[in-house]
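So the structure is just underneath, and the comments pick up after that.
Protein chains: 4
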Amino acid sequence: MNDNDSHQPKRRVRLAPEARMPLILDAALEEFSRRGFSGARMDDIALRCGLSKGGLYAHFGSKDEIFKALLDRTLQRIDWAQMPQSGADADNRAVAEWIVARLHEAVLAPDAVALLRLLIPERERVPLRVEEWRGMIQRHSEQVHAVISDNLKAGGRQNCVLARHPWLALSPMIHVLLWQALFGEGSAPDVHYRQAHVDLLCELLA
Amino acid sequence: MNDNDSHQPKRRVRLAPEARMPLILDAALEEFSRRGFSGARMDDIALRCGLSKGGLYAHFGSKDEIFKALLDRTLQRIDWAQMPQSGADADNRAVAEWIVARLHEAVLAPDAVALLRLLIPERERVPLRVEEWRGMIQRHSEQVHAVISDNLKAGGRQNCVLARHPWLALSPMIHVLLWQALFGEGSAPDVHYRQAHVDLLCELLA
Amino acid sequence: MNDNDSHQPKRRVRLAPEARMPLILDAALEEFSRRGFSGARMDDIALRCGLSKGGLYAHFGSKDEIFKALLDRTLQRIDWAQMPQSGADADNRAVAEWIVARLHEAVLAPDAVALLRLLIPERERVPLRVEEWRGMIQRHSEQVHAVISDNLKAGGRQNCVLARHPWLALSPMIHVLLWQALFGEGSAPDVHYRQAHVDLLCELLA
Amino acid sequence: MNDNDSHQPKRRVRLAPEARMPLILDAALEEFSRRGFSGARMDDIALRCGLSKGGLYAHFGSKDEIFKALLDRTLQRIDWAQMPQSGADADNRAVAEWIVARLHEAVLAPDAVALLRLLIPERERVPLRVEEWRGMIQRHSEQVHAVISDNLKAGGRQNCVLARHPWLALSPMIHVLLWQALFGEGSAPDVHYRQAHVDLLCELLA
DNA sequence: TATGAATGAGGCTTCATTCAT
DNA sequence: AATGAATGAAGCCTCATTCAT
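Protein chains in written order, with the numbering used here: chain G, 1 to 206; chain P, 1001 to 1206; chain C, 2001 to 2206; chain Z, 3001 to 3206.
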């Protein structure tokens, strides 16, 4: 080996933990979402975020730790979904559009689809996160219910099916969510699913 | 070792392949459904159906083969779900009840829930079976659509949202399906989910 | 299942042990010779002689037992190779032809080639059979030597290289043996290997 | 467990792949040569070169890959056997000695014997390497032939058996090769086998 | 922080052998 | 004597984790 020998075994990029962490979690989301917890390999997660296998362990102590951190981050992101402004005095269509927009943002966010793919196979390993997910949906549902109630009361239609079973207002979006989880992120039972959902709500609120 | 020592190395129960196969698939459904493909162990499947690990291989050549056979059997079972009789001249509530009964039987069968739990994490490994699942739902959807169309035409309401977006008729049951896949088989967003679904359809058909 | 049900699961041919044994050993020779002791499977040996795996065990207690019996039979067969008649007063070419014929029959018999293929990889497991093989070759060598000696003495050429190193008279046939063991049973370094061998011996005896 | 308990889990020696590879192949040669491909255990190869079972897989993807790499290396080594210098004008004995020295070096190298032990039982799994071996011998044979031809032409003995069947010049060494493969590396049909081979060639060239 | 060879537990698979039929 | 489902030990291979560098 002479002085000028320069095999550059691979560019060694050094990042602060704060910068590396999100990259790792992004990579982990992709791998876990694709192959499940058991099927995902530390090697692949590492590779996908530009690290070597061992490098991961400078940031997380175990595969499980990454998984938990990933669930936390993803749940948090979804839960923080911004609520569009809504006037209680809006007409039915405006209300329906607000509901659909809100659900769309929370339930069909790419993260939300990926999260569902993680939670279903691992529900027994992470029951607490599953409960958090349920709680999150519950909160969205309650807000939707509140808006619907106001609107129905204003129209004197408290007996409407939506008033008695508010979860039905979410069903079309949940339907699309499942389609995306199973068939891929562009999928839906209908290309105009947002319009269909709005129309359904309008017809029920009318 | 005393005289009475009786290690009973395990009673060797011998079954014909036709008899053993369904036991294996039942065991596999349970294990795969619980832990996913990678997480399930051949040992556990074997144990659960009264075989030794190696014994499995007299019936299936590999873990993957069991998985595929399981998907086949389950898809077939669900697809064969009997269609209840329906009179096209029935009133709205009867039609709604027929639809809900039919979907309930096909979509919420325990097998169907378990199948969904398998397909979501393994969708990339078995894209063909995923397509079969989609086709199966499609067939159910079309039959529901036909019944709804007849009914709406009779009432002169071809412009109803259900006529334009028939998939919406399935959404509540899909919603429940996802709840059961994620939260367990007793779960639903509402204990009276069947009644809610019927009411919704009635209101839309009215 | 009605009375006429006749699934004929497979023709069950029952043979006396004396009739079955050679079939088993033939099958075993083929399989061991092709895949080595460890590589050969009881299943394949069974199949090749029209038995099921379990059926083999009615005749031999273990794989090793088959192997040993096979070596015994094959060594015995080769050792019994008939010696062609030879007149000590024959001319050189006749002597050379007798030697080549004799060696050809013993050393290049299909069994002998197959046996070599077994002994080389298993020499450490069956050192006794290896010694028997060496002894067998030794006996052939000595008989060849005796004939050569007589002939050389008659010609007053006791100092010939063949007299001092009689094993050289076997080398061409051993060469061919190795070629057949390695390259297949039709192989040889020269299509006219018998003629070449005879010519060599003639030249050395002249 | 006393205080002084020192389980030393095994010193972890770290080597660069370039340094580890030859150690692995040496170990593999020993194990494969002794027990054949199927009989050799990855554990033993690992142990023999100071690795754990899993450690092997950092360098080779499978047992088969090790086997192939081993054949490659060994064939290469043997093929590179240096050719001793030879004068075409040398006398017969010098030519004979050159031939024997050359063949001895190539054909009886310890690696060559071990290689033969691998190739014979695995000839069907690695037909390409078997052909390479044949080619290698062929090349040696042709060089020997060239030297012999020159020499015979100079003496006006183009009709000699060696001229017509040059492979006979190799036979004694092949004979010894087989003896070593079967009976162990010190073995030979004659302790003075080199002298015998030289004498044979001299007598044929005379 | 980062690398990647190395470990070792654990899973999948094979197969000699057993045994109820 | 024969079958073939079943066992269980053993081997190959994977991969989460460790650690010298």
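Positions of the beta carbon are idealized from the N, C-alpha and C atoms, including for glycine.
query	result
Kindly indicate if chain P contains any beta-carbon less than 8 Å away from that of S171 (chain G).	yes
By alpha-carbon positions, which one of C:A2027, C:A2058, C:G2036, C:L2015 ends up nearest to D2044 (chain C)?	C:A2027
In chain Z, which residues lie less than 8 Å from F2183 (chain C) when you measure between Cβ atoms?	R3123, V3130, R3134
Report the three-state DSSP secondary structure of G156 (chain G) (helix, strand or coil).	coil
Residues of the stretch 2015-2040 of chain C with a CB closer than 8 Å to any CB of chain Z: list them in chain order, please.	R2034, R2035, G2036, F2037, S2038, G2039
According to DSSP, is Y57 (chain G) part of a helix, a strand, or is it coil?	coil
So for C202 (chain G), helix, strand or coil by DSSP?	helix
So, is the C-beta of A1196 (chain P) closer than 8 Å to a C-beta in chain G?	yes
Which residues mark the beginning and the end of the alpha helix (DSSP H) in which S2062 (chain C) is found?	Element bounds for S2062 (chain C): n/a, residue is neither H nor E.
Skipping 5 residues on each side, what residues in its chain have a beta carbon closer than 6 Å to that of H192 (chain G)?	none
Does the Cβ-Cβ distance between L3025 (chain Z) and L3056 (chain Z) come in under 8 Å?	no
Between which two residues does the alpha helix (DSSP H) carrying G36 (chain G) extend?	17-39
Helix, strand or coil, according to DSSP, for D150 (chain G) in the structure here?	helix
May I ask which residues mark the beginning and end of the alpha helix (DSSP H) holding E981 (chain P)?	Nothing can be reported for residue 981 (chain P), as the shown portion of chain P is limited to 1001 through 1206.
Restricting to Cα atoms, I'd like to know which of Z:L3119, Z:D3079, Z:V3198 is closest to E3105 (chain Z).	Z:D3079
Express the C-alpha separation of C202 (chain G) and V147 (chain G) in angstroms, rounding to a whole number.	13 Å
Taking Cβ-Cβ distances below 8 Å as the criterion, which residues of the stretch 1149-1181 of chain P are in contact with chain G?	C1160, V1161, R1164, H1165, W1167, L1168, L1170, S1171, P1172, I1174, H1175, L1177, L1178, A1181
If you draw a straight line from the alpha carbon of R3035 (chain Z) to that of R2048 (chain C), how long is it in whole angstroms?	25 Å
Measuring only between beta-carbons, confirm whether I2066 (chain C) sits less than 8 Å from chain Z.	no
With DSSP collapsed to three states, give me the class of N1004 (chain P).	Its pLDDT being 44, under 50, N1004 (chain P) is placed unreliably in this model, and the coordinates cannot settle the point.
If you measure between the beta carbons of Q2180 (chain C) and S2187 (chain C), is that distance less than 8 Å?	yes
Helix, strand or coil for K10 (chain G) per DSSP?	The predicted position of K10 (chain G) is uncertain, since its pLDDT is 49 and thus under 50; no value can be drawn from it.
Are there 16 or more other CB atoms within 10 angstroms of the CB of D199 (chain G), so buried, or fewer, so exposed?	buried
Could you tell me the distance, in whole angstroms, from the CA atom of L103 (chain G) to the CA atom of M173 (chain G)?	7 Å
Would you mind giving the Cβ-Cβ distance between P1110 (chain P) and I120 (chain G), rounded to the nearest angstrom? I have them listed as a contact below 8 Å.	The Cβ separation is near 16 Å, so there is no contact.
For a quick check, are the C-beta atoms of L1108 (chain P) and H175 (chain G) less than 8 Å apart?	no
Quick one: what does DSSP say L3119 (chain Z) is sitting in, helix, strand or coil?	helix
With a cut-off of 8 Å on the beta carbons, I'd call M2136 (chain C) and L2075 (chain C) a contact; round off their distance for me.	7 Å
Please list the partners that P1189 (chain P) has in chain G, where partner means a Cβ-to-Cβ separation under 7 Å.	W167
So, under 8 Å CB-CB, W167 (chain G) and P1189 (chain P) are touching, yes? Tell me the CB distance rounded to an integer number of Å.	4 Å
How would you list, in chain order, the residues of chain Z whose beta-carbon sits under 9 Å from the beta-carbon of R2117 (chain C)?	I3120, P3121, R3123
DSSP three-state label for H1175 (chain P), please.	helix
Can you tell which of Z:L3177, Z:V3161, Z:V3130 has its C-alpha closest to the C-alpha of A2206 (chain C)?	Z:V3161
Relative to the alpha-carbon of R123 (chain G), which residue among P:A1046, P:L1178, P:F1060 has its alpha-carbon at the smallest distance?	P:L1178
Rounded to the nearest angstrom, what separates G2050 (chain C) and V2113 (chain C) at their Cα positions?	25 Å
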